[in-house]
Amino acid sequence: MRAARLVLIALGAVACNSDAPLATRHAPLPRIGLRRSKVEVPSAVSSWTLVLADTAGRIWIAQATASTPDTIATGTWAGSAALWSRLDSAPAARNLTLHTSIATTITSVLDSMTTGEPFGPVVTWELDGGGAGWSATGAGRLAIDMRHRTWRATGWATEAVGGAPERVRFDLIADTPMPLDPIVDPTPRGSVVIHTPAIVSLRIDDCMAADRVAFALLQRLGLTAEMAVPSRRVNRRGHCSQQLLDEMIAAGDPVESHSRLHWRTPATFGDFYLEAVGSAQDLRRRGFEPFVFIPPGTWRSGPTLMDGPGKLVGPYAELLRRVYVSTECYALPAAVSIPAPGRDGPVSWALKGRTVATLAERLRVAVTDSQWINFMWHAWDMTPEELESKLQVIAAFRDSGLVTVLPYYVALHAVRQ
Ligand SMILES: [Zn+2]
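Numbering (the numbering used here), first residue to last: 12 to 428.
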C-alpha cells in the first residue's frame with residue numbers, strides 16, 4: 012500500500028495554517044458549560060480514533076497519533092494514521108494522515124440562539140490516503156462526552172474508498188485507542204491440567220460492595236470466581252472497591268470487563284467502542300489485565316445483544332476479538348467439551364434459577380458427559396445463606412474429585428488427564 016497522507020482542513024472563521032501540519036495550537040477554547048461539572052476535562056489529546064459507519068452497517072476505524080498532542084485549542088494538528096476495515100485483522104491501509112482543525116465560530120449561547128449554529132468549538136477533519144484510494148472528510152461540534160469523560164465529535168462525513176463518495180456517520184473519539192494488533196492470548200492452550208471429568212466456572216456480575224460477602228464465602232469454601240466489572244463503577248458508592256478487587260486477584264479470582272458503564276444498549280458503534288475498548292483501558296489503568304468481555308444484560312437489542320451465531324460476525328464481534336481473548340455472550344453453547352474447541356467457553360446460567368437439587372442434577376450431567384459448565388449471580392439474586400447452600404453443593408462435587416472449579420479464562424486453557 013502506498014504511503015498516504017492525512018490532510019486537515021480548517022473550517023469557519025478560524026485561521027488554519029494548512030501548510031504546517033503540526034502547527035501548534037493557540038487561543039485556548041472557552042470551556043463554558045463545563046465549569047460546574049465535576050468531570051475532569053483533558054487539556055490535550057494524544058490519539059484520535061475515527062469511526063466511520065455507513066448505512067449498510069459497515070464500519071471503518073482510523074486511528075492517529077503524533078509526537079505532539081492535539082491541544083484542543085483553535086488551530087490545526089496532524090498525525091499519522093492507520094485504517095482498518097476488518098477490526099480483528101491487520102490495517103487495510105497504513106501511512107495515512109489525519110488532520111484536525113478546531114475553530115470556535117459561535118462563542119456565546121445568545122449567538123447560538125440567534126444563528127442556529129452550534130455553540131462551542133467545531134472540529135473539521137480530513138483523512139488523506141495520499142492518492143491511495145482512501146480519503147474522508149467531516150466536521151462536527153467538539154464536546155466532552157460527560158459519561159465517558161473524553162473529547163468527542165460526531166456528525167456526517169464523506170468518504171471514498173476507491174469508488175464513488177459516500178455519506179457516512181462519523182464519531183471522532185479522543186484518547187481511547189484500540190490495540191494496534193489483535194490480542195494474543197499469553198496463556199498456552201492445554202497448559203492447565205485437570206484430573207476431574209468436569210469443570211465448573213463461577214462468575215459474580217456487576218461489582219457491588221455487597222459482593223464482599225460472596226468473596227468471603229468463596230474463600231471459606233476454597234472456590235474461585237471471576238468478577239465481571241463495569242469499569243467505571245469501581246469505588247463508587249454501593250459498588251465494589253479497588254481494594255476488594257485487589258484482594259480477589261490475590262486470591263486467584265480474575266477481574267474481567269463487564270463494559271464501562273453498564274448503560275442501556277449502545278446507540279451507535281462509537282458508543283459500543285467506548286464501552287468495549289474504554290473498559291479494558293480503565294481496568295488496565297487500575298492494574299488489572301482483562302482477557303474476557305461479558306456484555307451487560309442491559310444491552311437488549313441490535314448487534315450488541317449477542318444472542319445467536321449471526322451476532323458473532325461483523326464489526327461488533329470483530330472489535331471484541333481484537334481487544335479480548337473471549338466474550339461470554341448469550342450465543343455460547345450451554346456446555347463445552349474439554350479441552351474447549353475454540354476461543355469461547357459455555358454460556359453462564361443464573362445460579363438463582365437452580366435449587367440445590369437441580370444444581371446437583373446439572374453437575375451430575377456435566378460429570379457424566381465430561382463437560383465444562385458456567386454459573387453466575389448478582390449480589391441481589393440470593394441471600395448469603397442461599398448462595399452458600401449452592402456453593403456448598405459445588406464444593407462437595409469438587410471434594411469428591413468430580414469437578415474442578417476454575418474461572419472462565421483459566422478453564423479456556425484446561426486439558427483433562
Ligand atoms: Zn451486569
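Each residue gets a CB set at the ideal place from its N, CA and C atoms; glycine is no exception. Note that the structure is a prediction, hence the values are computed from the model and not measured.
Could you round the C-beta distance between Thr165 and Thr187 to whole angstroms and report it? I think they count as a contact, below 8 Å.
Not really, about 14 Å apart at Cβ, beyond 8 Å.
List in chain order the residues whose CB is within less than 6 Å of at least one heavy atom of ligand 1.
Matched residues: Asp216, Asp217, His269, His273, Pro307 and Gly308.
For Leu183, which option in Ile215, Thr198, Ala150 and Val204 has the closest C-alpha, if you only look at C-alpha atoms?
Ala150
DSSP beta-bridge partners for Leu153?
Ala164
When we look at the beta-carbon of Leu107 and count the other beta-carbons within 10 Å, is it buried (16 or more) or exposed?
That one is buried.
Leu343: beta carbon under 6 Å from a heavy atom of ligand 3?
By its list of ligands, the structure shown excludes ligand 3, since it contains just ligand 1.
When you compare the CB positions of Met189 and Val288, do they come within less than 7 Å of one another, or not?
yes
Could you give the residue range of the alpha helix (DSSP H) that holds Ala227?
Here the alpha helix (DSSP H) through Ala227 covers Asp222 to Leu232.
For Val414, which option in Val376, Met393, Tyr420 and Gln254 has the closest C-alpha, if you only look at C-alpha atoms?
Val376
Just how far apart, CA to CA, sit Val334 and Pro193?
6 Å
With distances taken from CA atoms, which of Leu402, Arg163, Glu51 and Arg297 is nearest Ser58?
Arg163
Check whether the segment 381 to 393 and the segment 208 to 216 touch, using three or more Cβ-Cβ pairs below 8 Å as the test.
Contact check between the segment 381 to 393 and the segment 208 to 216: three or more CB pairs, one atom from each, fall below 8 Å, which counts as touching.
For the alpha helix (DSSP H) containing Glu372, name the first residue and the last one.
Val367 to Asp380
If you draw a straight line from the C-alpha of Ile72 to the C-alpha of Phe386, how long is it?
35 Å
Pull up the distance between the alpha-carbon of Ile260 and that of Arg354, whole angstroms please.
The alpha-carbon separation between Ile260 and Arg354 amounts to approximately 23 Å.
Pull the bridge partners of Ala361 from the DSSP assignment, please.
Met387
Tell me, to the nearest whole angstrom, how far the beta carbon of Asp264 is from that of Ala225; I am working on the premise that it is less than 8 Å.
The pair is not a contact, with the Cβ atoms about 10 Å apart (cut-off 8 Å).
So the candidates are Ile70, Arg69, Val134 and Leu94; which of them puts its Cα closest to the Cα of Thr87?
Val134
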